[in-house]
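**Student:** Quick one: this structure, given as structure tokens, is what I'll be asking you about.
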Amino acid sequence: MNFAAIFHSFPEIETKRIRLRKLRSEDAPELLNYYSNENVYRYLDWNGPETLEDSYKVIEFWNKGYHDGWLIRFAIADKETDTIIGTIFLTEIEDVRAEVGYELSETYWRRGIMSEALQEVLALGFNQLGLVRIQAFVSDENMGSKEMLNKFNFKEEGYLRQYECHSVTNECRDMWVYSLLRSEFQK
């Protein structure tokens, strides 16, 4: 699957409170800002950008992933200010299967923001891209993410011991794999 070829231009999606859009270089300071909070990256396999220069490079890498066809990573922007507060992505595994991942500024936790974003990305994956399965890998300790995936009817499929190793600390974590099938998705 080539995301860039399917969409021809990066899709933009609006909900009641957020806009899912392409990341821009001017988002770099805010990306660095919310990633500076350990609670945001605690369950990820990296610590996020550590400098403003790193932040620019990360945005460039993610956007290149879209142009190369293997990734579509949306900025989650506050609809009123257009300030990014997180990202959410689909990455191709094969033509009918993709992985979803996300992070959000702690300031916006427990407000339903990520649920709004996930609903739209799942709809895009199943309805526009024709995916049959979307899966997610979740750290054993990440209760918030597990709760959200359960809310969307994702099924817990298995426990993967020492599955994901952190790029900085080299600590390997146990992960759960969750999946949602198109037939189970409720719009």
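Taken in order, the sequence shown gives residues 0 to 186; the numbers are from numbering that gives the first Met the number 0.
Positions of the beta carbon are idealized from the N, C-alpha and C atoms, including for glycine.
Taking the alpha-carbon positions, what's the Glu156 to Tyr42 distance?
**Tutor:** For the purposes of this step, residue 156 is taken as residue 157 along the sequence shown, with counting starting at 1. For the purposes of this step, residue 42 is taken as residue 43 along the sequence shown, with counting starting at 1. So the alpha carbons of these two residues sit roughly 19 Å apart.
**Student:** Just to confirm, are Phe73 and Leu121 a CB contact at a threshold of 8 Å?
**Tutor:** Start at 1 with the first residue of the sequence shown, and residue 73 comes out as number 74. Start at 1 with the first residue of the sequence shown, and residue 121 comes out as number 122. No. Outside cutoff.
**Student:** Would you please state the rounded distance, in angstroms, between the beta carbons of Ile133 and Gly124? I believe it to be under 8 Å.
**Tutor:** As a position in the sequence shown, residue 133 is number 134, starting the count at 1. As a position in the sequence shown, residue 124 is number 125, starting the count at 1. That belief holds up - the Cβ atoms of Ile133 and Gly124 are roughly 5 Å apart, short of 8 Å.
**Student:** So Ser104 packs on Tyr33, CB below 8 Å; how close in whole Å?
**Tutor:** Within the sequence shown, the letter at position 105 stands for residue 104. Within the sequence shown, the letter at position 34 stands for residue 33. With a Cβ gap of about 4 Å, Ser104 and Tyr33 count as contacting.
**Student:** Going by other Cβ atoms of all chains shown within 10 Å of its Cβ, with 16 needed for buried, is Gly47 buried or exposed?
**Tutor:** Along the sequence shown, read from residue 1 onward, the residue named residue 47 stands at position 48. Buried is the call here.
**Student:** Given this structure, state the Cα-to-Cα distance separating Phe60 from Arg181, to the nearest angstrom.
**Tutor:** Taking the sequence shown and counting its residues from 1, one reaches residue 60 at position 61. Taking the sequence shown and counting its residues from 1, one reaches residue 181 at position 182. C-alpha separation (whole angstroms): 29 Å.
**Student:** Among all the DSSP beta bridges, which residues are the ones paired with Ala74?
**Tutor:** Start at 1 with the first residue of the sequence shown, and residue 74 comes out as number 75. DSSP, once it has assigned bridges, lists Arg20, Thr86 as partnering Ala74.
**Student:** Rounded to whole angstroms, what is the Cα-Cα separation between Asn149 and Ile75?
**Tutor:** Here residue 149 is taken as the residue at index 150 of the sequence shown, counted from 1. Here residue 75 is taken as the residue at index 76 of the sequence shown, counted from 1. About 21 Å.
**Student:** Who pairs with Gln134 in a beta bridge, going by DSSP?
**Tutor:** Locating residue 134 in the sequence shown gives position 135, counting from the first residue. DSSP, once it has assigned bridges, lists Glu98, Ser178 as partnering Gln134.
**Student:** Going by DSSP, what residue range makes up the beta strand (DSSP E) through Gly111?
**Tutor:** For the purposes of this step, residue 111 is identified with residue 112 of the sequence shown, where counting begins at 1. Here Gly111 belongs to no beta strand (DSSP E), and DSSP marks it neither H nor E.
**Student:** What alpha helix (DSSP H) runs, 4 residues minimum, are completely inside the segment 20-63?
**Tutor:** Counting only runs of 4 or more, we get 27-34, 37-40.
**Student:** How many angstroms separate the CA atom of Leu93 from the CA atom of Arg109?
**Tutor:** Residue mapping note: residue 93 aligns to position 94 of the sequence shown, counting from 1. Residue mapping note: residue 109 aligns to position 110 of the sequence shown, counting from 1. It should be noted that the sequence gives Glu, not Leu, for residue 93. Their Cα atoms are separated by approximately 32 Å.
**Student:** With which residues is Lys15 paired in a DSSP beta bridge?
**Tutor:** On the sequence shown, position 16 is the one that residue 15 refers to. In DSSP, Lys15 forms no bridge with anything.
**Student:** State the start and end residues of the unbroken alpha helix (DSSP H) segment that holds Glu163.
**Tutor:** As a first step, residue 163 is located in the sequence shown; it is residue number 164 there, counting from the start. Premise fails: Glu163 lies in the beta strand (DSSP E), 154-164, not in any alpha helix (DSSP H).
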